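Written below as structure tokens is the structure these notes are about.
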Amino acid sequence: MAIRIATWNINSVRLRIETVSRFVKISRPDVLCFQEIKCREAEFPFSSLKEMGYQHFAVNAQKGYHGVAIASRLPLDDIQTQDFCSKGEARHVSARICSGGANFSDIEIHNFYVPAGGDVPSVEANPKFKHKLEFLEEMKSFFASPAASSQNRVLLGDLNVAPLEHDVWNHKALLKVVSHTPEEVERLISLFESGGWVDPIRNQAPEPEKVFTWWSYRSPNWLLANKGRRLDHIWVSEPLSGAVKKTEIFKETRGWDRPSDHVPVIADLI
DNA sequence: ATGGTTGGGGTCCAA
Numbered sequence: 273m274a275i276r277i278a279t280w281n282i283n284s285v286r287l288r289i290e291t292v293s294r295f296v297k298i299s300r301p302d303v304l305c306f307q308e309i310k311c312r313e314a315e316f317p318f319s320s321l322k323e324m325g326y327q328h329f330a331v332n333a334q335k336g337y338h339g340v341a342i343a344s345r346l347p348l349d350d351i352q353t354q355d356f357c358s359k360g361e362a363r364h365v366s367a368r369i370c371s372g373g374a375n376f377s378d379i380e381i382h383n384f385y386v387p388a389g390g391d392v393p394s395v396e397a398n399p400k401f402k403h404k405l406e407f408l409e410e411m412k413s414f415f416a417s418p419a420a421s422s423q424n425r426v427l428l429g430d431l432n433v434a435p436l437e438h439d440v441w442n443h444k445a446l447l448k449v450v451s452h453t454p455e456e457v458e459r460l461i462s463l464f465e466s467g468g469w470v471d472p473i474r475n476q477a478p479e480p481e482k483v484f485t486w487w488s489y490r491s492p493n494w495l496l497a498n499k500g501r502r503l504d505h506i507w508v509s510e511p512l513s514g515a516v517k518k519t520e521i522f523k524e525t526r527g528w529d530r531p532s533d534h535v536p537v538i539a540d541l542i
């Protein structure tokens with residue numbers, strides 16, 4: 273049985289629930305992971321998502337800001353949240369997907385919304401940047417246990433870092449722009465390598481191909497100017513690397529009415 | 001170097 277997993281920073285799930293429905297009709301992911309739901313759990317659109325075929329949920333919500341959720345056609349269990357950096361912010365939720373797949377048993381999925389980090393790339397001048405770096409370091413520790421890389425795991429979400437040269441529209445111009453600074457990139461790559469993760473998006477579209485998942489609202493003419501960044505990621509653990517058959521950046525949602533500034537990233541596992 | 005846009009909650013903060 274194949275399983276399609278998608279991640280999407282939706283930038284208010286209530287405002288864009290019809291946009292979600294439109295995407296689901298086209299792409300029909302089995303597991304749909306959101307970041308920036310921006311609502312309390314009581315306000316989360318469970319019933320709309322149930323109508324779209326999602327009966328199972330793992331939600332870590334807070335009022336107004338951040339917030340992550342997993343909506344799934346397959347049963348979820350062992351739902352957990354971790355308060356990275358102990359700030360009481362809803363930036364992580366994990367669950368085990370009972371997949372019934374042929375090439376893998378259950379999958380542990382970790383959905384992250386990494387802090388954006390503010391505007392100034394200095395830990396002294398900008399506490400948000402410090403928070404972001406510490407958050408990435410805690411993520412590394414979290415996945416550092418010896419058995420971690422032997423599990424069927426997926427780490428996905430808005431990681432708010434574009435690690436590679438061609439993950440941004442202009443590498444040199446963005447070296448001092450938060451999301452692509454050497455300090456962030458170093459920490460994200462350290463997390464990636466120490467956890468034994470695999471990046472199927474980049475395996476399918478190696479450098480120097482440009483791959484973006486986000487286009488700023490502030491940049492007019494997003495499609496022609498194409499000043500994007502790859503901030504959203506789907507990583508899998510080594511045992512799952514052979515199970516990823518295809519990935520996709522679902523770019524077209526960025527051109528829809530009142531879009532999120534992020535687009536869905538999809539991985540198909542068999 | 002600057003300003004550009006969006007969303008939530010409430011007349012400003014985060015992205």
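In terms of our numbering, the first sequence opens at residue 273 and continues consecutively. Heads up, the beta-carbon is just placed ideally off N, CA and C, and yes, glycines get one too. None of the values given here were measured: they were computed from a predicted structure.
Would R502 pass as a contact of F522 if the rule is Cβ separation under 8 Å? no
Nearest CA to the CA of V449: which residue from D391, V426, E481, D378? D391
Helix, strand or coil for V392, going by three-state DSSP, please let me know. coil
Per DSSP, what kind of secondary structure is K544 in: helix, strand or coil? Examination of residue 544 is not possible in this model, given that the chain is present from 273 through 542 alone.
For R474, which residues of its own chain have a beta-carbon under 8 Å away from its beta-carbon, when the five flanking residues on both sides are left out? L436, V483
Supposed contact pair Y326 and L304 - C-beta distance, whole angstroms, cut 8 Å: 7 Å
Alpha carbons only, please: which of L321, K400, E406, V340 is nearest the one belonging to H382? Selection L321, K400, E406, V340 evaluated against H382 yields V340 as nearest (Cα-Cα).
Please determine, among D378, Q334, D302, the residue with the shortest C-alpha to C-alpha distance to A343. Here the closest residue by C-alpha is D302.
Going by C-alpha to C-alpha distance, which of N442, P511, A434, D471 sits closest to R459? A434
So for G500, helix, strand or coil by DSSP? strand
Grab me the residues of L554's own chain with a C-beta within less than 8 Å of its C-beta, minus the 5 sequence neighbours each way, in chain order. This structure cannot speak to residue 554, because the chain is shown only from 273 to 542.
Can you round the beta-carbon distance between N283 and S532 to whole angstroms, since I take them to be within the 8 Å contact cut? 4 Å
Helix, strand or coil: how does DSSP classify W494 here? Reduced to three states, the DSSP call for W494 is helix.
Of the residues F464, L463, F316, the one placed nearest L287, counting alpha carbons only: F316
Check whether V407 and F464 have beta carbons under 8 Å apart: The sequence given here places Phe at residue 407; Val does not occur at that position. No.
Would S366 pass as a contact of E380 if the rule is Cβ separation under 8 Å? Contact: yes.
Hey, D504 and D439 are a contact pair by Cβ (cut 8 Å); roughly how many whole angstroms apart? The Cβ separation is near 11 Å, so there is no contact.
Going by beta-carbon coordinates alone, are T525 and V535 separated by less than 8 Å? yes
Residue nearest to I289 in terms of C-alpha spacing, selected from K402, M324, E313: M324
State yes or no: is the C-beta of S451 within less than 8 Å of the C-beta of N424? no
Counting C-beta neighbours from all protein chains within 10 Å, is the total for S488 16 or more, i.e. buried, or is it exposed? Answer is exposed; the Cβ neighbour count stays below 16.
Below 8 Å between beta carbons: does that hold for S491 and K499? yes
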